[in-house]
Amino acid sequence: MLRDITLGQYYQTESVIHRMDPRVKLGGTLLFIISLFFFKNFLGYAIAALFLAVVIKLSGVPFKFMVRGMKTIILLLMITVVFNLFLTPGTPLVSFWKLTITIEGAKLAASMAIRLTLLIIGSSLMTLTTTPNNLTDGMEKMLRPLRVIKVPVHEVAMMMSIALRFIPILLEETDKIMKAQIARGADFESGNIFKRAKALVPLLVPLFISAFRRANDLAMAMEARCYRGGEGRTKMKPLKYKKRDYIAYLCILVYMVGSIFVGRLSF
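Right under this line is the structure:
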């Protein structure tokens, strides 16, 4: 299950999406997420799904790999759907015992499920097609205007990039610790949800120790290489927009205009 988390991983392949400027992918992902909250009908979600499907096709990342990352949010998805189904007032659709499913609740539950699915896949696609170094450079460039108000832009971008990079590393470490404890007789599967949560407590201690050890090793490695932040630093590969990036911006702009237009429709 832990290996199914795709957020923070990088999928190596040659595609037009991989070669794009990271600023295009960061900005495009942010605008795509924002667009999901414009829609008031399922036509909008269909357009968003079609747009995302085209980008996935161009990225060269297997669709099965993208869907695999959804396994980790099934519980969150189910909770969201159940709460919206039974706690949304409106016109009754189905009633049993003290529970009532309304038409408005069913529509809202379906809308939230689709929105969450598209959001997770869209966010994962950005990290799957962008290396941590490019993400850092892209974030730093996009946040550069904040330097006017004394925000440490380079350090913020570096921390965000390291956090994303550590996700698959810590997940792999968690998987190893779980297998080692299972081999020693630990049981993480049986019992109700509270017993399972309690069984995970012994897992957290070695995981936190490992995380702090890795963080300390990284800090020592950066100090040994005389790392001193972003002031005065140069780039081995400076970011420069190319023709494909401007075309991508145009496509994103067309999609956003269409999203706003469709989002205003209420049929």
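Position one of the sequence shown corresponds to residue 7 (the working numbering), numbered consecutively onward. The C-beta atom is built at its ideal place from N, Cα and C for all residues, glycine as well. As the structure is a computational prediction, the values presented were derived from the model and not from experiment.
Check	Outcome
Ignoring anything shorter than 3 residues, give me the beta strand (DSSP E) runs that lie fully in the stretch 88-114, in order along the chain.	98-102, 105-108
Would residue 29 and residue 144 qualify as a contact pair, given that the criterion is a beta-carbon distance under 8 Å?	yes
Using the rule of at least 16 other Cβ atoms within 10 Å of the residue's Cβ for burial, across every protein chain shown, is residue 19 buried or exposed?	exposed
Taking the alpha-carbon of residue 169 as reference, which of 126, 228, 121, 141 has the nearest alpha-carbon?	141
With H, G and I counted as helix, E and B as strand and the rest as coil, what does DSSP make of residue 139?	helix
Expressed to the nearest angstrom, what Euclidean distance is found between the alpha-carbon atoms of residue 187 and residue 209?	8 Å
Using the rule of at least 16 other Cβ atoms within 10 Å of the residue's Cβ for burial, across every protein chain shown, is residue 108 buried or exposed?	buried
From the DSSP output, in three-state form, read off residue 205 for me.	helix
Any chance the stretch 152-167 sits against the stretch 36-56, with 3 or more Cβ pairs inside 8 Å?	no
Do residue 90 and residue 118 have their CB atoms nearer than 8 Å?	yes
Taking DSSP as the reference, what is the three-state secondary structure of residue 192?	coil
Does residue 105 pass the burial test, meaning 16 or more other C-beta atoms within 10 Å, or should it be called exposed?	exposed
Are residue 134 and residue 211 touching if we call contact CB-CB under 8 Å?	no
Under a Cβ-count criterion, where at least 16 other Cβ atoms within 10 Å of its own Cβ denotes burial, should residue 191 be classed as buried or exposed?	exposed
What is the DSSP secondary structure of residue 255, counted as helix, strand or coil?	helix
At the level of alpha carbons, what is the spacing between residue 27 and residue 149?	15 Å
If contact is defined by three or more beta carbon pairs under 8 Å, each pair taking one atom from either stretch, is the stretch 37-47 in contact with the stretch 253-267?	yes
Tell me the rounded alpha-carbon separation between residue 201 and residue 88.	23 Å
Taking the alpha-carbon positions, what's the residue 38 to residue 256 distance?	14 Å
I need the DSSP call for residue 213, collapsed to helix, strand or coil.	helix
Beta carbon of residue 99, beta carbon of residue 112: below 8 Å?	yes
Going by other Cβ atoms of all chains shown within 10 Å of its Cβ, with 16 needed for buried, is residue 5 buried or exposed?	With the chain represented from 7 up to 273, any question about residue 5 goes unanswered, as that position is not in the structure.
Let me make sure I understand the geometry here. Which of 259, 230, 15 has the alpha-carbon closest to that of residue 136?	15
Taking all protein chains shown into account, decide if residue 130 is buried (16 or more other Cβ within 10 angstroms of its Cβ) or exposed.	buried
Leaving out the 5 sequence neighbours to the left and right, which residues in its chain are closer than 8 Å to residue 246 when beta-carbon positions are compared?	27
Could you pull the start and end residues of the alpha helix (DSSP H) that residue 29 belongs to?	28-41
Have a look at 21, 183, 103, 219 and flag the residue whose alpha-carbon is nearest the alpha-carbon of residue 60.	21
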